[in-house]
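As they're listed, the protein sequences go chains L and H.
As numbered in UniProt numbering, residues 1 to 379 make up the first sequence, in order.
As numbered in UniProt numbering, residues 1 to 379 make up the second sequence, in order.
Built from N, CA and C at the ideal position, the CB exists for glycine as well.
Source: prediction; values computed, not measured.
Accompanying notes for the structure given below.
2 protein chains.
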Amino acid sequence: MAEKPIRFGIIGCADIARKLSRAITLAPNAELSAVASRSLDKASAFAKANNFPPSAKIYGSYEDLLDDPEIDAVYVPLPTSLHVRWACLVAQKKKHILLEKPVGLNVTELDKIVEACEANGVQIMDGTMWVHNPRTHKMKEFLNDKERFGELKNFANLRFWLGIGHRPREKSKNWMHSCFTFAADEDFLKNDIRVKSDLDALGALGDAGWYGIRSILWAVDYELPKTVTALPGAVLNEAGVILSCGAALHWEDGKVATFHCSFLAHLTMDITAIGTAGTLHLNDFIIPFGEKEASFTTVSKSGFTDLVTGWVPVPSQHTVTTDLPQEACMVSEFARLVGNIKATGAKPDPKWPSISRKTQLILDAVTTSIAQGSKPVEI
Amino acid sequence: MAEKPIRFGIIGCADIARKLSRAITLAPNAELSAVASRSLDKASAFAKANNFPPSAKIYGSYEDLLDDPEIDAVYVPLPTSLHVRWACLVAQKKKHILLEKPVGLNVTELDKIVEACEANGVQIMDGTMWVHNPRTHKMKEFLNDKERFGELKNFANLRFWLGIGHRPREKSKNWMHSCFTFAADEDFLKNDIRVKSDLDALGALGDAGWYGIRSILWAVDYELPKTVTALPGAVLNEAGVILSCGAALHWEDGKVATFHCSFLAHLTMDITAIGTAGTLHLNDFIIPFGEKEASFTTVSKSGFTDLVTGWVPVPSQHTVTTDLPQEACMVSEFARLVGNIKATGAKPDPKWPSISRKTQLILDAVTTSIAQGSKPVEI
């Protein structure tokens, strides 16, 4: 069934919208139809700089774009503090929403947005690109493979370290670590919206920690942990915005995961996932080193040589090529869902708001735990 | 000054002693002179199986070996619970000590051993092999390079997250993560000395966590952290021996490090060290994948392409070759120090007991924090 491409409008000319404009152009089932800024000149310059087609409409207000009946979906790259207001309005205008992350300042805000989407029958998806990379699907195949990665056996040992639980009877245990850091410059740390308490108030946790949290949830099939405990050493700026922090997540069946996020350390984006039978590593999970191919490393059932002087087997690298960059894969998947809804009256896919919500829920727990001096927060 | 090789005796035929026997054979300034077991047959079989020279002496008791005036140094691979007794006796017999890790059940035990060594003028070094790999020296050059890795600037922000400290004024922050896990089989988890409360009572923390702790101290030039906080989710066996745990270390100047160790997850041995200007990664820090060469990855001052679709620069891999395997480098360095003492009456090098002690101190703090339900423990 050949369908018309989904017509995208963009409200706000954030830097990230440049990348998304190209992604919409590249996605075969999407087209760049309009851009709005509070300034018509700015919108016009943005459209020109980002190769919008001549047919694209330029708006000097977000409302005008939302009133355009020829727009199917809206990409919202506005500061987090504006999400609840504008995303709800997008939904009320019956337009599908591709919403930049973090989706809200807290889960209550997201719930309002999701409620508006459900009431209006529109799809919502957050702008987490890496989960759409074909590499990510290949990595998940590894994590789901009991032979190569191992099992997530239950053993109710979680509270044993507190002295109030059962002693473990089974031997398996999964562990995962994720981090995303980058070294922001003086200008960023002074002026960027991500260090402002009235804009992207979740700071490094919302901007960088979002990915670590998402990667952990992704690895465990989005099973929520039982508790979230902030790690010591969180750094906040004068306005109380998080510049660096981390947390440990743990599940009742014994799984443990930690993540670290920071604006204050060199660019690093790692996943290490350890099962009972195998280990997965990669160091570019959010933005692959290059667009056209991306790699990860796995090793299964490895042990040592007789005298413990080497590994058998050693890890092997897997490279996955992609025609479309991951952000265009994201746009394409989102447009596919929107196309289905338009063509068949299908219901929006609840998976996407559900995983946004779980990510935000953990984010909220981390901020609570930091505020409470690293007390464990129950989910 | 050509000197005679240092004559090594080994007390106990532990599995690890096979590796060390070969290392002593390979080290040009060391020779295998004797082995002792509580059983003469066992010692004899060990010597035969491990290519001891015909001149090597076989003893049916540890004491007899220690009384041999033709032994300069003794390698002690006995279970941790026996260290304080035997290492003190080795020192009293004026023999230098290469002591398997963990060095003691706690720092008090180590202090007794070190005291005995000092009183008798003998060198002590623990059996941590990886720090002697030429790769490790190359990695340290990277970590010490302000251009490539960045600075460890002070900013007294540590307690800010508790709401009682200063707000940070400087932007740098170092972060590090290390882990060592391996999936022990049923037999190990039932019978190995490392799961027995009367033998290697520190379990996975002593056997695997030792390395993570050492790697963190190594990276920060052995500066002790201010606090150590166990991560949630430690697993203990029926006898109370740790099978899996982790901790977060933090320093008053804002550095943070975490480590994880386990007998319950697939073989993994990572270091990730993140400075303000660069990142170091390796996945085989304790036992390199192969003997003859070992690699690590670094990337400095990396950022993104214009549209944030790739990295510039991407990480690069560094490979360091070595003629001697790392355990032979360790033996050789230890024998060099012993040779110096013998030839010139030099004092034993205090660096080695000092870094053993710091490692043990953190180990003790982790066990205390676990026992106290993850309360931060001051060092």
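* Asked: Leaving out the 5 sequence neighbours to the left and right, which residues in its chain are closer than 8 Å to H/Leu231 when beta-carbon positions are compared?
  -> As a first step, residue 231 of chain H is located in the second sequence; it is residue number 231 there, counting from the start. The answer, listed in chain order, is Cys245, Gly246, Ala247, Ala248, Thr258, His260 and Ser374.
* Just the C-alpha distance for H/Val122 and H/His96, rounded to the nearest angstrom, thanks. => As a first step, residue 122 of chain H is located in the second sequence; it is residue number 122 there, counting from the start. As a first step, residue 96 of chain H is located in the second sequence; it is residue number 96 there, counting from the start. Rounded to whole angstroms, the separation of the alpha carbons of H/His96 and H/Val122 is 5 Å.
* DSSP state of L/Pro5 mapped onto helix, strand, coil -> Taking the first residue of the first sequence as position 1, residue 5 of chain L is located at position 5. Of the three classes helix, strand and coil, the one that applies to L/Pro5 here is coil, per DSSP.
* To do: Answer with buried or exposed for H/Ala239, where buried requires no fewer than 16 other C-beta atoms within 10 angstroms of its C-beta.
  => In the second sequence, counting from the first residue as 1, residue 239 of chain H sits at position 239. Burial is judged here by how many other beta carbons sit within 10 angstroms of a residue's own beta carbon; H/Ala239 has fewer than 16 and is exposed.
* Local conformation of H/Cys179 per DSSP, three classes -> The residue given as residue 179 of chain H occupies position 179 in the second sequence. Three-state DSSP puts H/Cys179 in a strand.
* Asked: Starting from L/Cys245 and walking both ways along the beta strand (DSSP E), at which residues does that stretch end?
  -> Taking the first sequence and counting its residues from 1, one reaches residue 245 of chain L at position 245. Its beta strand (DSSP E) spans residues Ile242 to His250.
* List, in order along the chain, the chain L residues whose C-beta lies closer than 9 Å to that of H/Trp175? -> As a first step, residue 175 of chain H must be located in the second sequence, where it is residue number 175. Think of a sphere of 9 Å around the beta carbon of H/Trp175: the chain L residues whose beta carbon falls inside it are Cys179, Thr181, Gly233, Ser244, Gly246, His260, Ser262, Leu264, Ala265 and Thr268, in chain order.
* Taking H/Pro315 and H/Thr297 to be in contact with their CB atoms under 8 Å, please state how far apart those CB atoms are, rounded to whole angstroms. => Here residue 315 of chain H refers to the residue found at position 315 of the second sequence. Here residue 297 of chain H refers to the residue found at position 297 of the second sequence. Correct: roughly 5 Å between the Cβ atoms.
* To do: Identify whether L/Lys342 lies in helix, strand or coil by the three-state DSSP scheme.
  => As a working mapping, residue 342 of chain L is identified with position 342 in the first sequence. In the three-state reduction of the DSSP assignment, L/Lys342 falls in the helix class, which pools H, G and I.
* Spatially closest choice to H/Ala294 from H/Lys301, H/Ser300 and H/Phe285, by CA coordinates -> Here residue 294 of chain H refers to the residue found at position 294 of the second sequence. Measuring from the Cα of H/Ala294, the nearest candidate turns out to be H/Phe285.
* Interface flag, L/Asp284 vs chain H, CB-CB below 8 Å -> For the purposes of this step, residue 284 of chain L is identified with residue 284 of the first sequence, where counting begins at 1. Proximity of L/Asp284 to chain H, defined by a Cβ-Cβ separation below 8 Å, is satisfied.
* Are the C-beta of H/Lys342 and some C-beta of chain L separated by less than 8 Å? -> Taking the first residue of the second sequence as 1, we reach residue 342 of chain H at position 342. No, its Cβ sits nowhere closer than 8 Å to a Cβ of chain L.
* Asked: If we ignore side chains and look at the alpha-carbon of each, how far apart do L/Leu82 and L/Ile362 end up?
  -> Taking the first residue of the first sequence as position 1, residue 82 of chain L is located at position 82. Taking the first residue of the first sequence as position 1, residue 362 of chain L is located at position 362. Their Cα atoms are separated by approximately 21 Å.
* Asked: Count the other CB atoms within 10 Å of the CB of H/His137; is the residue buried (16 or more) or exposed (fewer)?
  -> For the purposes of this step, residue 137 of chain H is taken as residue 137 along the second sequence, with counting starting at 1. Note on H/His137: under 16 other CB atoms within 10 angstroms of its CB, so exposed under the neighbour-count rule.
* Contact set for H/Pro353: own chain, Cβ-Cβ below 6 Å, skip 5 residues either direction -> Within the second sequence, the letter at position 353 stands for residue 353 of chain H. Contacts found: Val114 and Ile124.
* To do: Have a look at the DSSP bridge pairing and note the partners of L/Thr227.
  => In the first sequence, residue 227 of chain L corresponds to position 227, counting from 1. According to DSSP, L/Thr227 bridges with L/His250 and L/Glu378.
* Taking Cβ-Cβ distances shorter than 9 Å, what residues in chain H pair up with L/Thr229? -> The sequence position of residue 229 of chain L within the first sequence is 229, counting from 1. By Cβ distance, chain H contributes Leu231, Pro232 and Ser374.
* When the Cα atoms are used, what is the spatial distance from H/Glu100 to H/Lys48? -> Walking along the second sequence from the start, residue 100 of chain H turns up at place 100. Walking along the second sequence from the start, residue 48 of chain H turns up at place 48. So the two alpha carbons sit approximately 22 Å from each other.
* Is any beta-carbon of chain H found at less than 8 Å from that of L/Glu291? -> Position 291 of the first sequence, counting from 1, holds the residue named residue 291 of chain L. It does: the Cβ of L/Glu291 has a partner Cβ on chain H nearer than 8 Å.
* To do: Note down the Cα distance separating H/Lys140 from H/Glu333, rounded to an integer number of angstroms.
  => Numbered from its first residue, the second sequence carries residue 140 of chain H at position 140. Numbered from its first residue, the second sequence carries residue 333 of chain H at position 333. A straight-line Cα-Cα distance of about 18 Å links H/Lys140 and H/Glu333.
* Going along chain L in order, which residues have a C-beta closer than 7 Å to the C-beta of H/Ile274? -> What you label residue 274 of chain H is simply residue 274 of the second sequence in a count that begins at 1. Result: Thr181, Ala265, His266 and Thr268.
* Leaving out the 5 sequence neighbours to the left and right, which residues in its chain are closer than 6 Å to H/Met330 when beta-carbon positions are compared? -> Looking up residue 330 of chain H in the second sequence gives position 330. Excluding positions up to five away in sequence, the list reads Met129 and His132.
* To do: Please work out which residues of its chain come closer than 8 Å, Cβ to Cβ, to residue 380 of chain H, disregarding the five sequence neighbours upstream and downstream, and give them in chain order.
  => Summary: the structure shown does not reach residue 380 of chain H, with chain H confined to residues 1 through 379, and so no result is reported for it.
* Less than 8 Å between the CB atoms is what I'm expecting for H/Arg194 and H/Thr359, so what's the real figure, rounded? => Counting from 1 along the second sequence, the entry for residue 194 of chain H is found at position 194. Counting from 1 along the second sequence, the entry for residue 359 of chain H is found at position 359. That belief does not hold up - the Cβ atoms of H/Arg194 and H/Thr359 are roughly 17 Å apart, past 8 Å.
* **Proximity of L/Ala365 and L/Val235 at Cβ, strictly below 8 Å** => For this step, residue 365 of chain L is matched to residue 365 along the first sequence. For this step, residue 235 of chain L is matched to residue 235 along the first sequence. L/Val235 is positioned such that its CB atom lies no closer than 8 Å to that of L/Ala365.
* Asked: In chain order, what residues of the same chain have a beta carbon less than 8 Å from the beta carbon of L/Pro376, not counting five sequence neighbours either side?
  -> Counting from one through the first sequence, the residue named residue 376 of chain L turns up at place 376. If the five residues before and after L/Pro376 are omitted, its C-beta is found closer than 8 Å to the C-beta atoms of Thr227, Val228, Thr229 and Ser369, all from its own chain and listed in chain order.
* To do: Using a Cβ-Cβ cut-off of less than 9 Å, give me the residues of the stretch 307-336 of chain L that come near chain H, in sequence order.
  => Per Cβ criterion, the list reads Leu307, Val308, Thr309, Gly310, Trp311, Val314, Pro315, Pro325, Gln326 and Glu327.
* To do: Whole angstroms is fine: what's the gap from L/Glu63's alpha carbon to L/Leu199's?
  => As a first step, residue 63 of chain L must be located in the first sequence, where it is residue number 63. As a first step, residue 199 of chain L must be located in the first sequence, where it is residue number 199. L/Leu199 has its alpha-carbon roughly 20 Å from the corresponding atom of L/Glu63.
* Contact under 8 Å by Cβ, H/Val90 with H/Val107 -> The sequence position of residue 90 of chain H within the second sequence is 90, counting from 1. The sequence position of residue 107 of chain H within the second sequence is 107, counting from 1. Their beta carbons are not under 8 Å apart, which means H/Val90 does not touch H/Val107 by this criterion.
* Is any beta-carbon of chain H found at less than 8 Å from that of L/Lys19? -> On the first sequence, position 19 is the one that residue 19 of chain L refers to. For L/Lys19, the answer is yes, since a Cβ of chain H falls inside 8 Å of its Cβ.
* Going by DSSP, what residues sit across from H/Asp270 in a beta bridge? -> Here residue 270 of chain H corresponds to residue number 270 of the second sequence, with the count starting at 1. In the DSSP output, where bridge partners are listed per residue, H/Asp270 has H/Cys179.
* Top-ranked residue by Cα proximity to L/Ala273, from L/Phe182, L/Ala346, L/Lys196 and L/Gly150 -> What you label residue 273 of chain L is simply residue 273 of the first sequence in a count that begins at 1. Measuring from the Cα of L/Ala273, the nearest candidate turns out to be L/Gly150.
* Alpha-carbon to alpha-carbon, H/Pro69 and L/Ile177 -> Translated into the one-based positions of the first sequence, residue 177 of chain L becomes position 177. Translated into the one-based positions of the second sequence, residue 69 of chain H becomes position 69. It should be noted that the sequence gives His, not Ile, for residue 177 of chain L. Each residue's CA atom was taken as its position, placing L/His177 and H/Pro69 some 52 Å apart.
* Could you give the DSSP three-state label for H/Ile16: helix, strand or coil? => In the second sequence, residue 16 of chain H corresponds to position 16, counting from 1. In this structure, H/Ile16 counts as helix in the three-state DSSP scheme.
* Within 10 angstroms of the Cβ of L/Arg7, are there 16 or more other Cβ atoms? Answer buried if so, exposed if not. => Taking the first residue of the first sequence as 1, we reach residue 7 of chain L at position 7. With 16 or more other CB atoms across the displayed protein chains lying within 10 angstroms of its CB, L/Arg7 is buried.
* To do: Output yes if chain L places a C-beta closer than 8 Å to the C-beta of H/Thr279; else output no.
  => Along the second sequence, one-based indexing puts residue 279 of chain H at 279. Taking a beta-carbon distance threshold of 8 Å, H/Thr279 counts as an interface residue toward chain L.
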